[in-house]
Amino acid sequence: MTPEAAGVDPRHDPGVSAARERAERVPLASATIVRAGGAGGIRVGTAGWTDRTLTAPGVFYPAGVTTPRDRLAYYASRFPLVEVDAPFYALPTREQAELWVSRTPPDFVFDVKAFALLTGHPTEATRLPRDLVRELPEPVRQKGRIYARDLPGELLEAVWERFLDALAPLEAAGKLGVVLFQYPRWFLPNRGSEETLLDVKRRLERAGYTAAIEFRNRRWMEERLRERTLGLLEAQRLPYVMVDEPQGLESSVPPVVAVTSPRFAVLRMHGRRADVWEKPNVTVAERYRYLYDRDQLADWVPKVAAAAKATREVHVVYNNCYANYGTTNALEFTQLLLAAGAPPPSSSAADRVGGGEVVPDGGGLR
Numbered sequence: 137m138t139p140e141a142a143g144v145d146p147r148h149d150p151g152v153s154a155a156r157e158r159a160e161r162v163p164l165a166s167a168t169i170v171r172a173g174g175a176g177g178i179r180v181g182t183a184g185w186t187d188r189t190l191t192a193p194g195v196f197y198p199a200g201v202t203t204p205r206d207r208l209a210y211y212a213s214r215f216p217l218v219e220v221d222a223p224f225y226a227l228p229t230r231e232q233a234e235l236w237v238s239r240t241p242p243d244f245v246f247d248v249k250a251f252a253l254l255t256g257h258p259t260e261a262t263r264l265p266r267d268l269v270r271e272l273p274e275p276v277r278q279k280g281r282i283y284a285r286d287l288p289g290e291l292l293e294a295v296w297e298r299f300l301d302a303l304a305p306l307e308a309a310g311k312l313g314v315v316l317f318q319y320p321r322w323f324l325p326n327r328g329s330e331e332t333l334l335d336v337k338r339r340l341e342r343a344g345y346t347a348a349i350e351f352r353n354r355r356w357m358e359e360r361l362r363e364r365t366l367g368l369l370e371a372q373r374l375p376y377v378m379v380d381e382p383q384g385l386e387s388s389v390p391p392v393v394a395v396t397s398p399r400f401a402v403l404r405m406h407g408r409r410a411d412v413w414e415k416p417n418v419t420v421a422e423r424y425r426y427l428y429d430r431d432q433l434a435d436w437v438p439k440v441a442a443a444a445k446a447t448r449e450v451h452v453v454y455n456n457c458y459a460n461y462g463t464t465n466a467l468e469f470t471q472l473l474l475a476a477g478a479p480p481p482s483s484s485a486a487d488r489v490g491g492g493e494v495v496p497d498g499g500g501l502r
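Residue numbers (my numbering): 137 to 502.
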C-alpha cells in the first residue's frame, strides 16, 4: 500500500530518518538566540524534551543520553528555549523547577503551560496533590474528571497558589519566560471571558510573571472581533499567542501576526493535520505528527522578524512534537532566520503587526 493510500502525507510525515537527515544538514552546533529586533532576540525551541517518541533510540538524543538530567542538558545545548507542558496535566513543584534550573545554562528559558483547571479544561481528580484530593467533597472526588467550578473556592485558591509558587525558582534564576494559558474551544468571547483574562493578569502580575494567551475558538479572531480581542490584550500587556494550525474548523484560529506586549511575543507551530485536529480519541503524538516543509517555514520568517521589531523577545515553539519533527523544524527555522539577517530595531516597542501591517487599536470585548 502506498503512503497516500494509507492516509499518510509523505511530504509532511516522511518518517524519523528523513527528518534526521534534514536536521543533520543544519549547520548549527549549539543553541542559538537570533539577535534581532528587541534586546532579547528570537528564541526557537520545542514543546517539551521528554516525549517517548523523541527519547526513543536514534531519534534525537545521542547514545548514552538516557537520564532526565542528561536529556535536558543535551536539549539545552541545542536550543535556548523549551515549553514545559507537563504542568498542564499535573501541578508542578518547586523541587522540579529547581532541577530544571540546575540542569540548564544561565541564559536558557522555560515557557510553562498552565495547569488544566486554571484554563477551563477538566482534569482527573487524582491529578491533584493527595492532600488536596482528601479535601475534595466526596461527590466531586467520585466524578473522576473535574472542572474548576467543581472545587470549593478555598481549594481552587490553593491550586492557584501552588502552581504559581512552583515557578518561583525559575523566575528567581531569570529563566522563566511566559506562562501559557491555552483556553479550550468552549472559551468564547464575552464579558465573562474578559473577566477571566483580567483575573489571570492580576494573579500573575502579583507573582511577577507574564501570562500569554492562546485561544482555541476561531470567533476570537474573526474579522468583526479581531481588533477588540487584540485591543483587550494590548491594554493589559498580555502577549497574544500567534498560531500556525489546521484551518477550517471551529477551533481553527487564523495565523494572525500580532504583538500585544512590549515584553514578549509568542508563536506556536502546531502542524496542519486537519484530519485529526478535532477528532476524538486521537493521541497527542498523532494529532501533531506533521513535519513542516522549508517553504512553509520560510513563510513565517519575515512575520517573526516583524514581530521582533515590536517587542523585546520573541518565542517560537514547535509543538509538532512527534519524534524529531519538532526539533528538526526548530533547527531549520533558526537557520532560516539567521540566513535572512537581523531586522533593524524598532523605534516603538508597542507596535502591533498583522501580516506585516499595523493592526488598528481596538477596545474591550462586547
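Glycine included, each C-beta is placed from N, C-alpha and C at the ideal position.
Burial state of residue i, where buried means 16 or more other Cβ atoms lie within 10 Å
| i | result |
| --- | --- |
| R425 | buried |
| D335 | exposed |
| N417 | exposed |
| L324 | exposed |
| T447 | buried |
| Y225 | exposed |
| D435 | exposed |
| K337 | buried |
| P163 | exposed |
| P146 | exposed |
| K445 | buried |
| W322 | exposed |
| P305 | buried |
| R214 | buried |
| G462 | buried |
| A222 | exposed |
| D429 | exposed |
8 Å Cβ cutoff met for residue i and residue j
| i | j | result |
| --- | --- | --- |
| R207 | T464 | no |
| F400 | I349 | no |
| N455 | A155 | no |
| T240 | A302 | no |
| P320 | H406 | no |
| V453 | R404 | yes |
| L467 | V437 | no |
| A441 | V393 | no |
| S387 | R354 | yes |
| L374 | A347 | yes |
| R364 | E381 | no |
| E358 | L385 | no |
| A165 | P216 | no |
| V245 | A309 | no |
Strand pairing of residue i, partner residues [DSSP]
| i | result |
| --- | --- |
| I178 | V170, V450 |
| F400 | E449 |
| M378 | L403 |
| E219 | D247 |
| T259 | I282 |
| L312 | F246 |
| A347 | V315 |
Whole-Å CB distance - residue i paired with residue j, under 8 Å assumed
| i | j | result |
| --- | --- | --- |
| G184 | V218 | 7 Å |
| D312 | Y345 | Looking at the sequence itself, residue 312 is Leu, so the reference to Asp does not match. The pair is a contact, with the Cβ atoms about 6 Å apart (cut-off 8 Å). |
| V389 | V379 | 5 Å |
| G289 | A261 | Incorrect: roughly 17 Å between the Cβ atoms, too far for contact. |
| R339 | L300 | 7 Å |
| T396 | V170 | Actually they do not touch by this definition, with Cβ atoms about 21 Å apart. |
| T189 | Y458 | 6 Å |
Any non-hydrogen atom of the ligand GTP within 7 Å of residue i CB
| i | result |
| --- | --- |
| Y197 | No copy of the ligand GTP appears in this structure; indeed no ligand is present at all. |
8 Å Cβ cutoff, residue i in contact with chain C
| i | result |
| --- | --- |
| Y197 | The structure shown has no chain C; it contains just one protein chain. |
>> With a threshold of 8 Å, are at least 3 pairs of Cβ atoms found where one atom belongs to the region 248-261 and the other to the region 278-297?
In response: yes
> When the Cβ atoms of the region 449-458 are set against those of the region 177-192, are three or more pairs found closer than 8 Å?
Replying inline: yes
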